[in-house]
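Chains as they are written, first to last, in my numbering: chain A, 1 to 379; chain B, 380 to 681.
Written as structure tokens, this is what we have:
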């Protein structure tokens, strides 16, 4: 069954001389919630607008279901869209906003009323149906915008940064509501955001975009555990992954030895295509450090560093320590510890990390080899 | 003293606003009040004011039987009811076209505004007279196109048309306001409507027009007020003729005062004109709640 499937083949988009989308291939399975994520200007919103038909591609093709919709009018693609600004018609009531598309489609009044009432019930908007958008709160407007999509019964829901106009508390709440809605409707959804927490929590699959290209596609946890390159490694995860420059000492069948910070790390890797002497980047997530004297002493599956505390951010539930190391060239190392830990700035701190949790990237920024064993990484 | 040193020196404060207050009193309040008083008198321009006699409502009662006034009033209403909707529609149309995102559109936006800077001036009105003269540009064009030359300024039906056209020609200020209003409508709404399946005409009538009503309302009031006060066109181009077919009320007021020296009667006519404009404005404001939509997305209602 292809209803709700979205396929992009070599999709390109240029605005004048500027190439915004540089050839994207993508297949979204029916019922998936796919999140396009990336820094501002990466082309994620443009890609969504290409799927919606509000922009037409300069190359490639787009399929929704079994139809080639590359040049089809937005209203005939079987999509519905939630805009960042909600784009509610300010002079129409909630019910009129939700029923506008159906009215244009020429549906009989009682059928429109019925569909609007049903969508309003799903979204708990029933008491607000006669209000104008200006009399609604941000979260309520957001729900009306979603309701306008639901009544159209589209094959694909499109969300363009729908939560970015809401305050933090409401954003968390609406995120949960959208996740629930997806579970309830089981429809295909494409969701654009620059917020990686939204991406991680909502997505069935994440598409990481950078400068008009797809950097990696995968399930959220997969991207977190096995970023394909430095960009994804730095983008997914908060605070971002620490990067340290190292040199390859030698490569064996199941490991790569890297000289880093005066120590030699034997990182478990299969099929690593690196030569001794090659420059590499070792990536370690802040939450993978373990802190304290002799944390990993005697463990040959771990490595330890001595550092000096530069800055401490106490968030209550967790503590972020910014550390300096004698031989760490680029700036500071961030370590995340759970709980509230009192640390004195300027004092020394010994941190350790398991080798299996170290990421390795070559000079081009690509992940080196395959991880030693999945079990070890997951630990 | 409460208020601190800033409020101690009141004299210099009043000195700063004095130029405005003096101007207001001399050029607005005094004429306003004196015209009101004069409208109850038989004051003649050539006589000292002391000789003016109090007539009570005499001037106003005289209007009821004054055929010239009735004719002028009819022409004025016809002029206003024709020019205001036409000008609003034309200005909106040009603004709509100038709102397209085209290369060099800023040049055209400026170019289309130029007639409004020149439009109301005496020089353009004089030019208008030549353009519509017997051997003027319009007739030459008509003959060239194989038509018959028309007596634009001599035929009552055409003469009013020429001064209507002069007003339409000054569409720029209304257009600029419309353009600003159009640019205030978020693109998202058009995109949402496109996805909802609305065509261009439907979007215009169900999205653009309703969201533009505050601007339409503003322009409507401004145009009503200005049209009722039109003077240059009839004074310079047609002189109110032929057969008083372009004898707008402001021209009649002018002639009563400065041609026939009946200042008292002219003052009374001014007050009637003022009342007419006031009534139209009040009706417009009263009707606004039924058709003007203020869309600023605020949460201070309900």
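Each residue gets a CB set at the ideal place from its N, CA and C atoms; glycine is no exception. On a predicted model such as this, the values are computed, not experimentally measured, just so you know.
Residues sharing a beta bridge with residue i, DSSP
i: residue 68 of chain A; result: A:63
i: residue 358 of chain A; result: A:284
i: residue 391 of chain B; result: Answer is none; residue 391 of chain B lacks a bridge partner.
i: residue 13 of chain A; result: A:21
i: residue 250 of chain A; result: A:257
i: residue 80 of chain A; result: A:157
i: residue 75 of chain A; result: Residue 75 of chain A is not bridged to any residue.
i: residue 380 of chain A; result: Absent from the model: residue 380 of chain A. The displayed extent of chain A is 1 to 379, so no value can be given.
i: residue 645 of chain B; result: In DSSP, residue 645 of chain B forms no bridge with anything.
i: residue 367 of chain A; result: A:361
i: residue 226 of chain A; result: In DSSP, residue 226 of chain A forms no bridge with anything.
i: residue 351 of chain A; result: A:291 and A:305
i: residue 420 of chain B; result: B:433
Neighbourhood of residue i by C-beta distance below 7 Å, restricted to the same chain and skipping five residues each side
i: residue 681 of chain B; result: Here residue 681 of chain B scores only 36 on pLDDT, less than 50, and its place in the model should not be relied on; the value that follows carries that caveat. Excluding positions up to five away in sequence, the list is empty.
i: residue 387 of chain A; result: In the structure displayed, chain A extends from 1 to 379; residue 387 of chain A sits before or after that span and is not available.
i: residue 473 of chain B; result: 491, 550 and 554
i: residue 205 of chain A; result: 32, 34, 217, 218 and 219
i: residue 471 of chain B; result: 557
i: residue 594 of chain B; result: 556, 557 and 560
i: residue 570 of chain B; result: none
i: residue 469 of chain B; result: 547 and 550
8 Å contact criterion, which residue i and residue j should meet: CB distance rounded
i: residue 37 of chain A; j: residue 21 of chain A; result: Not really, about 15 Å apart at Cβ, beyond 8 Å.
i: residue 242 of chain A; j: residue 283 of chain A; result: 7 Å
i: residue 458 of chain B; j: residue 627 of chain B; result: 6 Å
i: residue 162 of chain A; j: residue 82 of chain A; result: 5 Å
i: residue 308 of chain A; j: residue 323 of chain A; result: 7 Å
i: residue 78 of chain A; j: residue 64 of chain A; result: 6 Å
Residue i, buried or exposed, once every other Cβ within 10 Å from all chains shown has been counted against 16
i: residue 668 of chain B; result: exposed
i: residue 380 of chain B; result: Interpretation of residue 380 of chain B is limited by its pLDDT of 48, a score under 50 that renders its predicted location unreliable; no figure is taken from the coordinates.
i: residue 338 of chain A; result: exposed
i: residue 268 of chain A; result: buried
i: residue 466 of chain B; result: buried
i: residue 617 of chain B; result: buried
i: residue 28 of chain A; result: buried
i: residue 486 of chain B; result: exposed
i: residue 387 of chain B; result: exposed
i: residue 448 of chain B; result: buried
i: residue 455 of chain B; result: buried
i: residue 637 of chain B; result: exposed
i: residue 428 of chain A; result: Missing from the structure shown is residue 428 of chain A; chain A here goes from 1 to 379 and no further.
i: residue 462 of chain B; result: buried
i: residue 500 of chain B; result: exposed
i: residue 95 of chain A; result: buried
i: residue 605 of chain B; result: buried
i: residue 443 of chain B; result: exposed
i: residue 670 of chain B; result: exposed
i: residue 26 of chain A; result: buried
i: residue 493 of chain B; result: exposed
Residues near residue i by beta carbon distance below 6 Å, same chain, minus five either side
i: residue 189 of chain A; result: 33, 157 and 182
i: residue 375 of chain A; result: Reliability of the predicted coordinates at residue 375 of chain A is poor, the pLDDT of 38 falling under 50, and the value obtained from them is presented with this limitation in mind. Around residue 375 of chain A: no qualifying Cβ.
i: residue 531 of chain B; result: 511, 537 and 541
i: residue 503 of chain B; result: 497
Residue i: first and last residue of the uninterrupted alpha helix (DSSP H) it sits in
i: residue 99 of chain A; result: 94–104
i: residue 44 of chain A; result: 44–52
i: residue 671 of chain B; result: First-last for residue 671 of chain B: undefined, no H or E at that position.
i: residue 629 of chain B; result: 628–637
i: residue 552 of chain B; result: 551–562
i: residue 177 of chain A; result: 168–185
i: residue 414 of chain B; result: 409–417
i: residue 164 of chain A; result: From DSSP, residue 164 of chain A is part of no alpha helix (DSSP H); its letter is neither H nor E.
i: residue 582 of chain B; result: 579–582
i: residue 603 of chain B; result: 588–607
i: residue 141 of chain A; result: 138–150
i: residue 300 of chain A; result: Premise fails: residue 300 of chain A is in no alpha helix (DSSP H) and is neither H nor E.
For residue i, the first and last residue of its enclosing beta strand (DSSP E)
i: residue 616 of chain B; result: Per DSSP, residue 616 of chain B belongs to no beta strand (DSSP E) and is neither H nor E.
i: residue 160 of chain A; result: 156–160
i: residue 193 of chain A; result: 188–193
i: residue 218 of chain A; result: 213–218
i: residue 263 of chain A; result: 263–270
Same chain, Cβ closer than 8 Å to residue i, neighbours up to 5 away in sequence not counted
i: residue 278 of chain A; result: 247, 248, 362 and 363
i: residue 72 of chain A; result: 53
i: residue 377 of chain A; result: Low confidence applies to residue 377 of chain A: its pLDDT is 40, below 50, so where it sits in the model is not reliable enough to give any reading.
i: residue 620 of chain B; result: 538 and 626
Short CB-CB distance (under 8 Å) between residue i and chain E
i: residue 587 of chain B; result: Given the protein chain composition of this structure (A and B), no chain E is represented.
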